[in-house]
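Step one of this worksheet: look at the structure below.
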């Protein structure tokens, strides 16, 4: 396994890398050092604009830039992008379907010590409810880099979700191919499908190994695109494995679990059990302690997968 | 300003006022008061100040107007129709389910609308983004944003003002429609945002005062804004809500209600007398 790297780091690196190849501008709200847009700023100072601590203004400035033909990345923490600036994103960016890429970092409880006010667990839910908003939540640095290049070339609003925590690299950069709206099957299995998103994909792979030791064959899917959801793949998983467990670093309400459950209940009803934060706020703490406390571990995922298998008719 | 131009602008403004009333009356809803207070401003913008092309509404080098006080869309629609962006007959479809004239401006659906607005405080930021884009691209188009005085209670107006001054957006001009009234009453009673001049000055703006209903005053104000380099300008336009329809003037009740048939006929007669 390669060294661990945070998806936010990959985001900043990708902006700097692709800045040579593509014409786009980057906005931040006084968090460039943390969101890693500072890497782009250092290389392309004339295409970087700090908006100060005013996220609502930043989102609508991004919309204005896009309305005048620019491709724009606007970055801040997920909490302020999808929470504080929700209405600006909805009315200024999404309603006119403008070409703004929201680079939201520090999603979820793996923010760690800063605690609940900075640990956004509702962003997938709010963004998912906005018509025409694409949501991409990369699993690792390789996928994050590829998603950034895809987003640069996609016309329309995108919510890109990145994490603070350094996480294992799942993919090989030389062979990885990002296909918007297409799930990636990382492991075949017949008893249950674990559909994970973001930094929980690696945990899901670990969980599958635990399950294998117990004689359960788990298919593992990376749902990097939460909207539009790859319904064909979700229904295929339902048909072929008969049970699904979703995993996300997000409230179990409104996120990937909800999206999968909605799809399955309409198209191929099977059990869908959701692993995520159980309708709670986060809290301060060391990341491993928090992941344990909130049930986001390979063991917890494996346990839920066994429960799902047991519930199969 | 020569008499011919002045007379033409007055005639156009009267036609725009008729368009506002026609739309709001047909819809039986909408915001006539604030639409009428900006009627002369929007007339001056589209018929003297701004460089736009009705045959190519998305022309990349056009000047842009963001109607930040988006509820006064009837004034924008009437001006765009008068300018030839779409047939005047469309004004009567305002707010109907099959119309391209939404209750608040929709840039996707209406030719000539440069930004979707309606939620107050947002349009000013969008205008900042457009002005910044012009700077980045080395283009000389200008961006205008019309703000309501009630709207200036929104914090984002001041975030945008800070941004505009910080990036020295001298290609940006805000017009503050100072009509003194908002839905719940007098602006100074509801939540006093004054003094606007001192606030904008403190935020780093070139502050210009004008009479919103005097074209020569507006001409001087827009010329002063254009001449100012190194910082954004704001024209504080002293206006009368409901201007041009005597029974609507200065009446808060006409912020968001439509005239009935009788009132509509009286209003039209009054405006036509100007023509």
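Protein chains in written order, with the numbering used here: chain E, 1006 to 1318; chain L, 83 to 357.
We put the beta carbon where it would ideally sit given N, CA and C, even for glycine.
### Query
Among residues of its own chain, excluding the 5 on either side of residue 1009(E), which ones have a beta-carbon nearer than 7 angstroms to its beta-carbon?
1171, 1172 and 1173
### Query
Is residue 210(L) close to chain E, meaning its C-beta is less than 8 angstroms from at least one C-beta of that chain?
yes
### residue 268(L) versus residue 323(L) - alpha carbon distance
11 angstroms
### Task
For residue 1123(E), collect the residues of the same chain with a Cβ closer than 7 angstroms to its Cβ; drop the 5 residues on either side in sequence, then sort them by chain order.
1082, 1084, 1111 and 1116
### Query
Three-state secondary structure (DSSP) at residue 279(L)?
helix
#### Entry: Per-residue burial, residue 240(L) [other beta carbons within 10 Å of its own, 16 or more giving buried]
buried
### Query
Under 8 angstroms between the Cβ atoms of residue 1135(E) and residue 1086(E)?
no
### Query
Residues of chain E with CB under 8 angstroms from residue 25(L), in chain order?
Residue 25(L) cannot be examined here, being either before or after the span of chain L that is shown, 83 to 357.
### Task
Please compile the residues from chain E whose C-beta is within a distance smaller than 9 angstroms of the C-beta of residue 238(L).
1059, 1061, 1062, 1065 and 1093
### Query
If we cut at 8 angstroms on Cβ distances, does residue 147(L) have a partner in chain E?
no
### Of the residues 138(L), 150(L) and 301(L), the one placed nearest residue 166(L), counting alpha carbons only
138(L)
#### Entry: Bounding residues of the beta strand (DSSP E) (the contiguous stretch that carries residue 1054(E))
1053-1055
### Message
To be precise: take each residue of the stretch 1067-1084 of chain E, compare its Cβ to all Cβ atoms of chain L, and keep it if any distance is under 9 angstroms. Which residues remain?
### Response
1067, 1068, 1069, 1070, 1071, 1072, 1073, 1074, 1075 and 1077
### Query
Which residues, taken in chain order from the stretch 244-255 of chain L, show a beta carbon closer than 9 angstroms to some beta carbon of chain E?
244, 245, 248 and 249
### Query
Considering only the beta carbon of each residue, do residue 1203(E) and residue 1168(E) sit closer than 8 angstroms?
yes
### Query
For residue 209(L), which of 136(L), 231(L) and 315(L) has the nearest alpha-carbon?
315(L)
### Message
Whole angstroms are fine: how far does the CA of residue 1215(E) sit from the CA of residue 1104(E)?
### Response
43 angstroms
### Message
Using DSSP's beta-bridge definition, name the partner residues of residue 1223(E).
### Response
1197(E)
### chain L contacts made by the stretch 1102-1115 of chain E, where a contact means CB separation under 8 angstroms
1102
### Query
Would you call residue 1291(E) buried or exposed, if buried means 16 or more other Cβ atoms sit within 10 Å of its Cβ?
exposed
### Query
Would a check of beta-carbon distances place residue 1006(E) closer than 8 angstroms to chain L?
Legend: pLDDT at residue 1006(E) = 48, less than 50; position of this residue unreliable, value from coordinates given subsequently. Not closer than 8 angstroms to any Cβ of chain L, the Cβ of residue 1006(E) fails to qualify, so no.
### Task
Return the CA-CA distance between residue 52(L) and residue 102(L), expressed in angstroms with no decimal places.
In the structure as shown, chain L starts at 83 and stops at 357, and residue 52(L) therefore has no counterpart that could be examined.
### Query
How many whole angstroms separate the CB atoms of residue 1188(E) and residue 1145(E), which I take to be in contact at a CB cut-off of 8 angstroms?
15 angstroms between Cβ atoms; not a contact.
### Query
In or out: residue 178(L) buried (at least 16 other Cβ within 10 Å) or exposed?
exposed
### Message
I want to verify the contact list: residues of chain E whose CB lies under 9 angstroms from the CB of residue 293(L), in sequence order.
### Response
Those do not exist, as residue 293(L) stays about 29 angstroms from chain E at its closest Cβ, beyond 9 angstroms.
### Query
Who are the neighbours of residue 1056(E) on chain L, taking C-beta pairs under 7 angstroms?
245
### Query
Given residue 1193(E), which residues of its chain have a CB within under 6 angstroms of its CB, disregarding the five upstream and five downstream residues?
1224
### Message
I believe residue 207(L) touches residue 1163(E) by the beta-carbon criterion, under 8 angstroms. Please report the beta-carbon distance rounded to the nearest angstrom.
### Response
That pair is no contact at about 20 angstroms.
### Query
Hey, is residue 83(L)'s beta-carbon within less than 8 angstroms of any beta-carbon in chain E?
no
### Query
Hey, quick one: how far does the alpha helix (DSSP H) through residue 119(L) stretch, first residue to last?
114-119
### Message
Check whether the stretch 219-238 of chain L and the stretch 141-154 of chain L are in contact - that is, three or more C-beta pairs closer than 8 angstroms.
### Response
yes
#### Entry: residue 1255(E) (DSSP reduced to helix, strand or coil)
strand
### Query
To the nearest whole angstrom, what separates the beta carbons of residue 198(L) and residue 189(L), a pair I think is in contact under 8 angstroms?
5 angstroms
### Task
With a 10 Å radius around its C-beta and 16 neighbouring C-beta atoms as the bar for buried, classify residue 1143(E) as buried or exposed.
buried
### Message
Quick check on the DSSP output: the alpha helix (DSSP H) that includes residue 1164(E) runs from which residue to which?
### Response
Careful: residue 1164(E) lies outside any alpha helix (DSSP H), inside the beta strand (DSSP E) at 1163-1166.
### Task
Scan the stretch 186-206 of chain L for residues whose Cβ lies nearer than 9 angstroms to a Cβ of chain E and list them as they occur along the chain.
188, 189, 190, 196, 197, 198, 199, 200, 201, 203, 204, 205 and 206
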